[in-house]
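To keep things clear, I will list the structure first and then write my remarks on it.
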Amino acid sequence: MSNSDYRHIGVHPVSAALGAEITGVNIAKGLSDEQFEEIRRAFFENLVIMIRDQDLSEEQQCEFAARFGKLTKSAGLKGDNPIFMVTKSADDRGNNIGGHWHADGTQMEHAPLGSALYAMQVPPYGGDTMFCNLYMAYELLSPGMKAIAEQLIVVHSGKLAYSGKGHVVQDLLDRRADMYDFEAGRIDSEHPLVRIIPETGRKVLYAPSPMAYYFKDMSMQDSEPLLRYFQHIAERAEFTCRFRWTKGALLLWDNRATYHYALNDYYGWDRIMRRVQIEGERPFGPAKPAMEPVSSPFAAVRAADPVVR
Ligand SMILES: [Fe+2]
Numbered sequence: 678m679s680n681s682d683y684r685h686i687g688v689h690p691v692s693a694a695l696g697a698e699i700t701g702v703n704i705a706k707g708l709s710d711e712q713f714e715e716i717r718r719a720f721f722e723n724l725v726i727m728i729r730d731q732d733l734s735e736e737q738q739c740e741f742a743a744r745f746g747k748l749t750k751s752a753g754l755k756g757d758n759p760i761f762m763v764t765k766s767a768d769d770r771g772n773n774i775g776g777h778w779h780a781d782g783t784q785m786e787h788a789p790l791g792s793a794l795y796a797m798q799v800p801p802y803g804g805d806t807m808f809c810n811l812y813m814a815y816e817l818l819s820p821g822m823k824a825i826a827e828q829l830i831v832v833h834s835g836k837l838a839y840s841g842k843g844h845v846v847q848d849l850l851d852r853r854a855d856m857y858d859f860e861a862g863r864i865d866s867e868h869p870l871v872r873i874i875p876e877t878g879r880k881v882l883y884a885p886s887p888m889a890y891y892f893k894d895m896s897m898q899d900s901e902p903l904l905r906y907f908q909h910i911a912e913r914a915e916f917t918c919r920f921r922w923t924k925g926a927l928l929l930w931d932n933r934a935t936y937h938y939a940l941n942d943y944y945g946w947d948r949i950m951r952r953v954q955i956e957g958e959r960p961f962g963p964a965k966p967a968m969e970p971v972s973s974p975f976a977a978v979r980a981a982d983p984v985v986r
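This is the structure in structure tokens:
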């Protein structure tokens with residue numbers, strides 16, 4: 678199977694590493710089963726997909742996302758609504774959430790499978806989102822390092838991130854206090870460094886900042902250099918893609934097999950996005966077995982090219 682094998686949608690890769698634009702789809706009008714199955718396949722094969730020019734209500738966005746799995750809220754988000762508005766106004770010089778390589782909510786035991794992010798208002802330039810491919814990061818390791826990595830378990834912690842001393846500064850915590858119960862987000866989970874994505878059966882190197890904090894049974898001093906090493910491999914330019922937003926674009930990313938980076942380069946312009954998250958399985962891999970049997974129906978198309986080793 679490859680990106681040319683689709684019959685009911687168009688699939689157009691945006692970089693060699695990952696990411697594709699999907700064409701020939703109008704979500705609001707309804708999707709045939711064949712179209713949805715191909716969108717699902719395109720998602721697991723390309724890790725990030727963008728469908729432009731959609732006119733979606735909150736309900737339609739939730740309904741579409743829920744076909745990929747149960748919807749879930751951000752850790753600590755108050756209320757029952759799974760919708761989270763990612764909003765930055767023209768005069769906001771404050772901290773840009775997501776302005777660094779990261780994955781969302783990884784301190785949760787069932788860290789999100791992915792998110793569906795819908796562009797309601799975008800700046801005329803800037804505000805792109807970048808992604809990197811964690812399958813490639815794993816594949817780049819030498820056999821000896823893979824053997825070490827496969828034994829390691831990472832402690833993911835929301836305690837530092839939401840303490841006012843981590844990447845989310847106190848000022849931002851104060852401004853979001855009406856939306857979040859940060860106490861509820863201050864949780865820890867232990868996830869394997871090498872994780873298997875059930876739908877593809879393939880391994881990713883999963884050490885996402887800022888929650889991936891230290892290795893189980895290691896001190897911070899021992900953990901830090903190794904953790905940074907694994908994180909920075911993933912961030913290589915050859916492993917990335919970059920999406921330019923247009924109003925009405927819906928973007929879906931695999932939060933387990935990618936990191937993302939929200940560029941903060943549009944001061945003077947509003948940007949309003951609507952996000953809904955999909956719940957993931959409990960992460961498993963060689964250092965932490967799956968709790969249930971898994972089947973792997975999809976292939977991840979892209980593989981690390983020997984040229985970039
Ligand atoms: Fe994020």
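Residue numbers (our numbering): 678 to 986.
Every residue gets a Cβ at the ideal spot worked out from N, C-alpha and C, and that includes glycine.
Keep in mind that this is a model prediction, so the values were computed, not measured.
Using only CA atoms, which one of A705, V702, F713, A719 lies nearest to V691? Closest by C-alpha distance to V691, out of A705, V702, F713, A719, is A719.
Proximity test, G696 beta-carbon vs ligand 1 heavy atom, cut-off 7 Å: Flag unset: Cβ of G696 not near ligand 1.
Is any heavy atom in ligand 2 found nearer than 7 Å to the beta carbon of D894? Looking for ligand 2 in the displayed structure turns up nothing; the ligands present are ligand 1.
Quick check on N810: does DSSP put it in helix, strand or coil? The DSSP-derived three-state label of N810 is strand.
Going by DSSP in three states, S709 sits in which element: helix, strand or coil? S709 sits in coil when the DSSP states are folded into three classes, being neither helix nor strand.
Beta strand (DSSP E) segment containing L929, residue limits: In the DSSP assignment, L929 falls within the beta strand (DSSP E) that extends over 927-931.
Can you give me the C-alpha to C-alpha distance between Q737 and A705, rounded to a whole angstrom? Whole-angstrom Cα-Cα distance: 7 Å.
Answer yes if the stretch 803-818 comes into contact with the stretch 919-939, meaning at least three C-beta pairs across the two stretches below 8 Å, and no otherwise. Result yes; three or more Cβ-Cβ pairs closer than 8 Å.
Y968 versus P869: straight-line alpha-carbon distance, rounded: Reading the sequence as shown, one finds Met at residue 968 and not Tyr. Between the alpha carbons of M968 and P869 lies a distance of about 13 Å.
Give the straight-line distance between the Cα atoms of Y815 and V881, rounded to the nearest whole angstrom. CA-CA distance, Y815 to V881, rounds to 5 Å.
Closer than 7 Å to a non-hydrogen atom of ligand 1 - does that hold for the CB of D781? Yes, the Cβ of D781 comes within 7 Å of a heavy atom of ligand 1.
So, are the CB atoms of V763 and M950 less than 8 Å apart? Cβ distance < 8 Å, so V763 and M950 count as in contact.
Taking the Cβ atom as the reference point for each residue, do A796 and A697 lie within a distance shorter than 8 Å? No Cβ-Cβ contact shorter than 8 Å links A796 with A697.
H685 - DSSP class collapsed to helix/strand/coil: Residue state, collapsed to three classes: coil.
What would DSSP say about S766, mapped onto helix, strand or coil? Of the three classes helix, strand and coil, the one that applies to S766 here is coil, per DSSP.
Separation of A964 from Q828, as counted between CA atoms: Rounded to whole angstroms, Q828 to A964 spans 5 Å at the Cα level.
Is the stretch 819-834 touching the stretch 881-901, taking contact as three or more C-beta pairs under 8 Å? Yes, they touch.
Coil, strand or helix - S738 by DSSP: The residue you asked about is not Ser; residue 738 is Gln in the sequence shown. DSSP places Q738 in helix when its eight states are reduced to three.
For D942, which residues in the same chain have their Cβ closer than 6 Å to its Cβ, ignoring the five residues on either side in sequence? Same-chain partners within the cutoff: G803.
Using only the alpha-carbon positions, how far apart do I873 and E912 sit? Taking the straight line from one Cα to the other gives about 19 Å.
When burial is assigned at 16 or more other CB atoms within 10 Å of the CB, is M897 buried or exposed? Result: exposed.
Compute the Euclidean distance between the alpha carbons of H779 and T806, then round it to the nearest angstrom. So the alpha carbons of these two residues sit roughly 12 Å apart.
Could you tell me which residues DSSP puts in a beta bridge with A867? In the sequence on display, residue 867 carries Glu and not Ala. V832, per the DSSP bridge assignment.
Between I864 and A788, which are expected to be in contact by the criterion C-beta below 8 Å, what is the C-beta distance as a whole number of angstroms? No, I864 and A788 are not in contact; Cβ-Cβ is about 11 Å, not under 8 Å.
Those residues which DSSP pairs with M895 across a bridge: In the DSSP output, where bridge partners are listed per residue, M895 has none listed.
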